[in-house]
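This report refers to the structure that appears directly beneath it.
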Ligand code: DSN
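Below, the structure is given as structure tokens:
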């Protein structure tokens, strides 16, 4: 029985969500819209199969075909990223980080990672996360003048803290990261290097920004952001750490792998290896630069003055709109973003003084720099005239017609 007949109540909610996605302009930097092929693999009969273990070493019968699926995903990811060892079982982007931490540190030992205000991630040692509860995380940030990573300062902190692991990578940093310098600093203090490339994995796969893989001992990622796969994660590491990482992820951290999701990852890796994906990724970068330039022309202050990747952060300042207000205002006119703490933020993360904008989803639906300029104008009009109902209603109509003009192709 299909879903609509089996469970009308739920089916209607999903239909409404599909309509919402189609009728809104999504600028959440960490989201994307997967292909029908990825969705088909996600919804396939592989969801029925238990396969604890790894290919050719499972704890269940009947796993010959899921072995083929998982090996295909591993082989494709290795080729795509020129990686030595890949684990495709992580359920999310956070579990791979835990697998690395528990593989290289004992509880209480020190790691060094970027703080939240500079754009770091909760799983990089926030006291609210198990990472910060079990391990001691020292933190680096950005230079508060340039809002860029300050490698001299990073080195000073690394020498002082003597971490066992240095973590590079962020959720809200709009600039490129110099992985070679990170590796040199790690080597100088006897630390291992982990790069969390969750946000930029698709851009790395497409070869349109530098890859961390030659420099890092470990690279972790989610698979659903710029990489445009199903919701899930990935660990890449040097061969020498492969066995330890695999054992730490399963049985250390996770249970049975989601082979339907692993199949969908395999599809996404195939898609990301095609020339069209490189064209798409270049367009993600162009659109982000266009959005940044147009918003700056409209008078908005961007953290670090712009972007080199798929995202940018507007800082409204202490006296300006809060990120929460801006997020709600934009949602009311069918533009979806998320609030974001910015480097000098005095407000709590739930309120914040900024919003983060990204171009992966709009680019997937075919937005060019021309449409992106229109989106910037809409965002500007809405945020500058929060109490003007006419402006808000015109912006909503324009957002809706842009969405209808460029629907998702499948
Ligand atoms: N929650 C993701 C983001 O929005 O960046 C990171 O995992």
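In my numbering, the protein residues as written are 5 to 414. Glycine is no exception: its CB is placed at the ideal position from the N, C-alpha and C atoms.
Inter-residue distance for residue 177 and residue 344 is about 11 Å (C-alpha atoms, whole angstroms).
Note that the segment 111-120 touches the segment 139-146; at least 3 beta-carbon pairs, one per stretch, sit closer than 8 Å. Here the distance from the Cβ of residue 202 to the nearest heavy atom of the ligand DSN is below 7 Å. Per DSSP, the continuous beta strand (DSSP E) segment holding residue 143 begins and ends at 140-144. When C-alpha distances from residue 29 are compared across 339, 369, 293, the shortest belongs to 339. In chain order, 153, 155 place their CB closer than 8 Å to the CB of residue 182, counting only its own chain and leaving out the 5 sequence neighbours on each side. Out of 391, 413, 383, the CA that lies nearest to the CA of residue 403 is found in 383. Note on geometry: alpha-carbon atoms of residue 200 and residue 393 lie some 42 Å from one another. In the three-state reduction of the DSSP assignment, residue 346 falls in the coil class. A residue is called buried when at least 16 other Cβ atoms come within 10 angstroms of its Cβ; residue 164 does not meet this threshold and is exposed. Taking a 10 Å sphere around the C-beta of residue 121, we find 16 or more other C-beta atoms and assign the residue as buried. Annotation: residue 320 to residue 305 spans about 7 Å, alpha carbon to alpha carbon. The nearest non-hydrogen atom of the ligand DSN is 7 Å or more from the C-beta of residue 327. Residue environment analysis places residue 62 among the buried positions, since at least 16 neighbouring C-beta atoms fall within 10 angstroms of its C-beta. By the 16-neighbour rule on beta-carbons within 10 angstroms, residue 20 is exposed.
Annotation for residue 117: the continuous beta strand (DSSP E) segment containing it runs 114-118. 8 Å or more divides the Cβ of residue 234 from the Cβ of residue 209.
By the neighbour-count criterion, in which a residue is buried when 16 or more other Cβ atoms sit within 10 angstroms of its Cβ, residue 66 is exposed. The Cβ atoms of residue 35 and residue 365 sit closer than 8 Å to each other. Out of 191, 350, 180, the CA that lies nearest to the CA of residue 159 is found in 191. Judged by DSSP in its simplified three-state form, residue 192 adopts helix. Taking C-beta atoms as the reference points, residue 295 and residue 376 count as a pair closer than 8 Å. In this model, residue 23 and residue 408 are separated by some 11 Å (Cα to Cα). Residue 322 has its alpha-carbon roughly 20 Å from the corresponding atom of residue 310. At least one heavy atom of the ligand DSN lies less than 7 Å from the C-beta of residue 125. Within the DSSP secondary-structure output, residue 61 pairs in a beta bridge with 58. With a cut-off of 8 Å on Cβ pairs, the segment 244-262 is not in contact with the segment 278-297, counting fewer than three such pairs. For a cut-off of 8 Å, the C-beta gap from residue 39 to residue 414 is around 6 Å, short enough to register as a contact. Distance check between residue 372 and each of 387, 289, 330 places 289 closest, using alpha-carbon atoms only. DSSP places residue 283 outside any beta strand (DSSP E); the residue lies instead in the alpha helix (DSSP H), whose first and last residues are 279-301. Per DSSP, residue 399 lies in no beta strand (DSSP E) segment; the continuous alpha helix (DSSP H) that holds it begins and ends at 393-409.
When C-alpha distances from residue 135 are compared across 145, 123, 109, the shortest belongs to 109.
Rounded to whole angstroms, the Cβ separation of residue 395 and residue 42 is 38 Å, and the two are not in contact under 8 Å.
In the DSSP assignment, residue 319 is bridged to 305, 358. Beta-carbon to beta-carbon, residue 47 and residue 123 are separated by about 34 Å, too far to satisfy the 8 Å threshold.
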